[in-house]
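In the UniProt record's numbering, the protein residues as written are 1 to 237. A quick write-up on the structure given underneath.
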């Protein structure tokens, strides 16, 4: 009878938690590895959506507009930026503090694909202007997220959420391709500009992607864990 009661209560507690997510006991010496396992297990579902937590697919990541270069005589803007293959990642490590209220993660993406529209406007002897499509491939970029977590009590129930996050993205190399049309001269100017300013472009663009990634991580973490603190992070599991 007691065994049946325990099994029933465990099943009830787990009823709204997908089977591929495991509880990580806060006193578990392998707590960090448990976090890694959960994040690796959940990756495919992030791009499908997780209805148990009212999470829609995180792909594509969309950014409305970025001013890549905005000098008086040379402007390159991109709009409708869409990033795909964001679920093709591996968690390299997770680190927490003794109170489990600090979490640091590092992800390694196999490849990220960026599809966007570009607007180019320059004055090089004569005015030049063009619009078109641009595709970018980032090979094995990595991302690190440092999070401060906070536990609060609401209606007698403990809740956990991200109170602060800092994200950093590293890109060692990228390839790009402007749409094929008959404006070869314009494309050559664009190619020369990008090739000669790759570091400046990354310095300008990466903080925008880092901010967006931080917002996504907060949304995922808070949606999954906020009301499930005791289920996902009990003292022992």
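Glycine residues also receive a C-beta, built at the ideal position from the N, C-alpha and C atoms.
If you draw a straight line from the Cα of residue 40 to the Cα of residue 90, it comes to about 6 Å.
Taking all protein chains shown into account, residue 116 has 16 or more neighbouring C-beta atoms within 10 Å of its C-beta and is therefore buried. In this structure, the CA atom of residue 153 is about 39 Å from the CA atom of residue 65. Assignment of beta strand (DSSP E) within the segment 9-72, counting only whole runs of 3 or more residues, yields 61-70 in chain order.
Shortest Cα-Cα distance from residue 68 to any of 81, 57, 59 and 56 involves 81. A buried status is given to residue 145, since no fewer than 16 other beta-carbon atoms sit within 10 Å of its beta-carbon.
Bridge partners of residue 89 according to DSSP: 109. Under the three-state reduction of DSSP, residue 155 is assigned to coil, being neither helix nor strand.
Contact between residue 139 and residue 173 holds, since their C-beta atoms are separated by about 6 Å, short of 8 Å. Taking 8 Å as the upper bound for CB-CB distance, residue 223 and residue 53 are in contact here, some 5 Å apart. Here DSSP, grouped into helix, strand and coil, assigns residue 207 to helix. Here the alpha carbon of residue 95 sits roughly 42 Å from the alpha carbon of residue 119.
When the five nearest sequence neighbours on each side are left out, the beta carbons in the same chain lying within less than 8 Å of the beta carbon of residue 24 are those of 31, 34, 35, 38, 232, 233 and 237, in order along the chain.
Cβ contact annotation for residue 205 (same chain, cutoff 7 Å, sequence separation greater than five): 66 and 68, in chain order.
Boundaries of the alpha helix (DSSP H) around residue 196: 184-196.
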